[in-house]
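These notes concern the structure reproduced below.
Protein chains: 4
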Amino acid sequence: MIEKLLIITTGGTIDKIYFDDKSDYQIGDPQIGETLQAMNVAFDYEVNALMRKDSLHITDDDRAAIRGAIEASDARHILITHGTDTLVQTAQTLEGLDGRCIVLTGSLFPARFRDSDAVFNIGCALGAVQSMEPGIRVVMNGVVWQPGEVVKNVSENRFEARAG
Amino acid sequence: MIEKLLIITTGGTIDKIYFDDKSDYQIGDPQIGETLQAMNVAFDYEVNALMRKDSLHITDDDRAAIRGAIEASDARHILITHGTDTLVQTAQTLEGLDGRCIVLTGSLFPARFRDSDAVFNIGCALGAVQSMEPGIRVVMNGVVWQPGEVVKNVSENRFEARAG
Amino acid sequence: MIEKLLIITTGGTIDKIYFDDKSDYQIGDPQIGETLQAMNVAFDYEVNALMRKDSLHITDDDRAAIRGAIEASDARHILITHGTDTLVQTAQTLEGLDGRCIVLTGSLFPARFRDSDAVFNIGCALGAVQSMEPGIRVVMNGVVWQPGEVVKNVSENRFEARAG
Amino acid sequence: MIEKLLIITTGGTIDKIYFDDKSDYQIGDPQIGETLQAMNVAFDYEVNALMRKDSLHITDDDRAAIRGAIEASDARHILITHGTDTLVQTAQTLEGLDGRCIVLTGSLFPARFRDSDAVFNIGCALGAVQSMEPGIRVVMNGVVWQPGEVVKNVSENRFEARAG
Numbered sequence: 001m002i003e004k005l006l007i008i009t010t011g012g013t014i015d016k017i018y019f020d021d022k023s024d025y026q027i028g029d030p031q032i033g034e035t036l037q038a039m040n041v042a043f044d045y046e047v048n049a050l051m052r053k054d055s056l057h058i059t060d061d062d063r064a065a066i067r068g069a070i071e072a073s074d075a076r077h078i079l080i081t082h083g084t085d086t087l088v089q090t091a092q093t094l095e096g097l098d099g100r101c102i103v104l105t106g107s108l109f110p111a112r113f114r115d116s117d118a119v120f121n122i123g124c125a126l127g128a129v130q131s132m133e134p135g136i137r138v139v140m141n142g143v144v145w146q147p148g149e150v151v152k153n154v155s156e157n158r159f160e161a162r163a164g
Numbered sequence: 001m002i003e004k005l006l007i008i009t010t011g012g013t014i015d016k017i018y019f020d021d022k023s024d025y026q027i028g029d030p031q032i033g034e035t036l037q038a039m040n041v042a043f044d045y046e047v048n049a050l051m052r053k054d055s056l057h058i059t060d061d062d063r064a065a066i067r068g069a070i071e072a073s074d075a076r077h078i079l080i081t082h083g084t085d086t087l088v089q090t091a092q093t094l095e096g097l098d099g100r101c102i103v104l105t106g107s108l109f110p111a112r113f114r115d116s117d118a119v120f121n122i123g124c125a126l127g128a129v130q131s132m133e134p135g136i137r138v139v140m141n142g143v144v145w146q147p148g149e150v151v152k153n154v155s156e157n158r159f160e161a162r163a164g
Numbered sequence: 001m002i003e004k005l006l007i008i009t010t011g012g013t014i015d016k017i018y019f020d021d022k023s024d025y026q027i028g029d030p031q032i033g034e035t036l037q038a039m040n041v042a043f044d045y046e047v048n049a050l051m052r053k054d055s056l057h058i059t060d061d062d063r064a065a066i067r068g069a070i071e072a073s074d075a076r077h078i079l080i081t082h083g084t085d086t087l088v089q090t091a092q093t094l095e096g097l098d099g100r101c102i103v104l105t106g107s108l109f110p111a112r113f114r115d116s117d118a119v120f121n122i123g124c125a126l127g128a129v130q131s132m133e134p135g136i137r138v139v140m141n142g143v144v145w146q147p148g149e150v151v152k153n154v155s156e157n158r159f160e161a162r163a164g
Numbered sequence: 001m002i003e004k005l006l007i008i009t010t011g012g013t014i015d016k017i018y019f020d021d022k023s024d025y026q027i028g029d030p031q032i033g034e035t036l037q038a039m040n041v042a043f044d045y046e047v048n049a050l051m052r053k054d055s056l057h058i059t060d061d062d063r064a065a066i067r068g069a070i071e072a073s074d075a076r077h078i079l080i081t082h083g084t085d086t087l088v089q090t091a092q093t094l095e096g097l098d099g100r101c102i103v104l105t106g107s108l109f110p111a112r113f114r115d116s117d118a119v120f121n122i123g124c125a126l127g128a129v130q131s132m133e134p135g136i137r138v139v140m141n142g143v144v145w146q147p148g149e150v151v152k153n154v155s156e157n158r159f160e161a162r163a164g
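Residue numbers (this note's numbering), protein chains in the order written: chain A, 1 to 164; chain B, 1 to 164; chain C, 1 to 164; chain D, 1 to 164.
Shown next as structure tokens:
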């Protein structure tokens, strides 16, 4: 068993909720804590709700802040939830944090949707982060990808192997 | 990415459905294929629906059949769904299948329940089987356990670290 | 708006929960209160959890008790949840309670199932009980039936118009 | 039993779906047909998908079109799904359609959300439309309201009795 999992949340579709009075969809509180509680998980974790952004709005400064949050922690296992549009890009900026097992995931449908992929992806990311060698992985569509081998296919709304 | 995942289903709570005309609860078709399809997974898999049993009724012959199904396949990554009461026991009988990554999981609530742990556990098992070194793991309650370190706490209805 | 709704629960599939440690399905606490709270209903109600029985085990004495609970109350609007197998039969024994609007409903799948008809049926029963003339109605499969015109088709697992 | 139900859909939150590629929320196909099919309803209905609008964008012309669709049909029972912000206002413009039972409903959360009120409200509207005298009713939060007695409390995100 791992000692303690550090969870960093940054926003994205996974945390989107719906405000009827504005007929709008905004990023709410991180959903992952609620999910882990409902699933009655048997490990310790800490949630660092670092930012609440659509991934299209994540800047280089934000990516530096994510990296800083990892460096500031002594956790060896880190799970990051992130919007899907630039998830792979953020993953690539986290190279070189030696000795850490880092997994990034998100969801294509908000966690509050009936058939959302959020709970499945969180599960898959947890399974990966506990089993992998130190390094960085992206978990989407049931696959544990290396950052350099995966791309989001926006029109098909899924992650797939990068061509060529 | 893994080449192909072999999924062996054996029954258990995860596959239980409800028959109103009998006011009864029986093991139905494996739910995992439906889940993987709904999650739009980006890997190949094959489902071998080997048996439909409550895990309390799994015999030594059944365990030999599970082992045989693995040996008969050239898949290196294997996911087994199983009832929770004897899941750990079955895991222990699969030792010695060199070069295979084998993960057993199940669920404490039927997959068709609203807040079932089934989708989460399947996700977690998938993340583990793709990331681990060859060997055997049990995935329940968000943890990737070694077979010898975990036990089902029946009264609390959860898996936890074996005492001592 | 109605003044106050009396809800009498008797058990049945709608209230069935799953006990993993017994691999069994039993009648739990009434689910209707939880549903009405989640739906944030704008009326007053009182839940009388009268019994917890499969409807195949409901006796003439039980039916007398249900009738007694109605007579003992000054509520004019009554909603009864009941197992589906003898729901129509119980409805027929409640004739002659003048001046009361009484609706019986249940569900073909436990309320805790993902695609259960429970929430839909409770909604439909509420709409009927507030809108009808005094009398008795059975609500199942989206129809507000008179007790004499409906029958459960067990093999098809649905309620339908009684032939002839 | 009613002969045939005419269902008119106009859009609103109930039909909102989520487009990840636009990080946006738009009105999709009417959800009510899918719901009625899933609930295996035992009555005939026809869905007229008249428009797809947020109720804040429903104009007087749109309301005339809704009224026209009712007048053009020989159905005596009509169910209308509508955005919640101006649902009551639309209800009030349908006065004077003699001999028709008309119920308007919507939902505060999209039908695709896990704990949406959509299925409950549709059930409640169906129960009302089958049981009421000719006239117009608004169904929200479990209550069958007359159009003049109800108001949406936007900040509390619920419908309630109009003050004094």
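Idealized CB from N, CA, C, for every residue including glycine.
Distances from the alpha-carbon of I58(A) to those of T90(A), Q37(A) and A42(A) put T90(A) closest. Looking from the CA of S131(A), the closest CA among E156(A), N153(A), V103(A) and A42(A) belongs to V103(A). Here the alpha carbon of D29(C) sits roughly 16 Å from the alpha carbon of V119(C). Put simply, the CB of N48(A) is far from chain B, with every gap to its CB atoms at 8 Å or more.
For S73(A), no chain B residue has a C-beta closer than 9 Å to its own C-beta; the minimum C-beta separation is roughly 20 Å. Against chain C, the CB of L104(D) has no partner CB under 8 Å away; the residue lies outside that interface. DSSP lists I8(B) and L104(B) as the bridge partner or partners of I80(B).
For E71(C), the enclosing alpha helix (DSSP H) covers residues D60 to E71. Taking all protein chains in view, the Cβ of Q31(A) is crowded by 16 or more other Cβ atoms within 10 Å, so the residue is classified as buried. The secondary-structure analysis by DSSP pairs M39(B) with nothing; it has no beta-bridge partner.
Residue pairing by DSSP places G96(D) opposite no residue, since no beta bridge is assigned to it. Note on geometry: alpha-carbon atoms of T105(D) and G123(A) lie some 37 Å from one another. Around E34(C), no beta-carbon contact reaches into chain D at under 7 Å, the shortest distance being about 11 Å. For Q26(A), the secondary structure class from DSSP, reduced to helix, strand or coil, is strand. Scanning its chain for C-beta atoms nearer than 6 Å, with the 5 sequence neighbours on each side dropped, one finds around T35(C) the residues V119 and I122, in chain order. A125(C) and G127(B) have their C-alpha atoms roughly 45 Å apart. With fewer than 16 other Cβ atoms from the protein chains shown falling within 10 Å of its own Cβ, R162(D) counts as exposed. Residue V88(B) holds the alpha-carbon nearest to the alpha-carbon of W145(B) among A75(B), V88(B) and S116(B). Within chain C, the C-beta atoms nearer than 8 Å to that of R112(B) come from F113, R114 and D115, in chain order. Under the Cβ criterion of 8 Å, E160(C) is counted among the residues facing chain D. Partner residues in the beta bridge of E46(B), as assigned by DSSP, are L6(B).
Pairwise C-beta distances place the segment 6 to 14 of chain D in contact with the segment 47 to 54 of chain D, as three or more of them are shorter than 8 Å. In the three-state scheme derived from DSSP, where H, G and I count as helix and E and B as strand, N157(B) is classed as coil.
The alpha carbon of D85(C) has as its nearest neighbour, out of D61(C), E156(C) and A65(C), the alpha carbon of E156(C). For I136(A), the enclosing beta strand (DSSP E) has its first and last residue at G135 to M140. I17(D) and K16(A) have their C-alpha atoms spaced approximately 13 Å apart. Residue range A118 to S131 is occupied by the alpha helix (DSSP H) that includes L126(D). Contact annotation for V144(C) against chain D: G127, Q130 and S131 [CB-CB distance below 7 Å, chain order]. When V143(D), I7(D), Q37(D) and D115(D) are compared, the shortest CA-CA separation from I66(D) is found for I7(D). Using a CB distance cut-off of 8 Å, Y45(C) does not count as an interface residue toward chain B. Between R76(B) and A42(A), the gap from beta carbon to beta carbon reaches 8 Å or more. Listed by position along chain B, the residues whose Cβ is nearer than 9 Å to that of A38(A) are D115, D117 and F120.
Taking CB atoms only, V151(D) has no neighbour in chain C less than 8 Å away. Rounded to whole angstroms, A69(A) and V138(A) show a C-alpha spacing of 18 Å.
Think of a sphere of 8 Å around the beta carbon of V139(C): the chain D residues whose beta carbon falls inside it are G127, in chain order.
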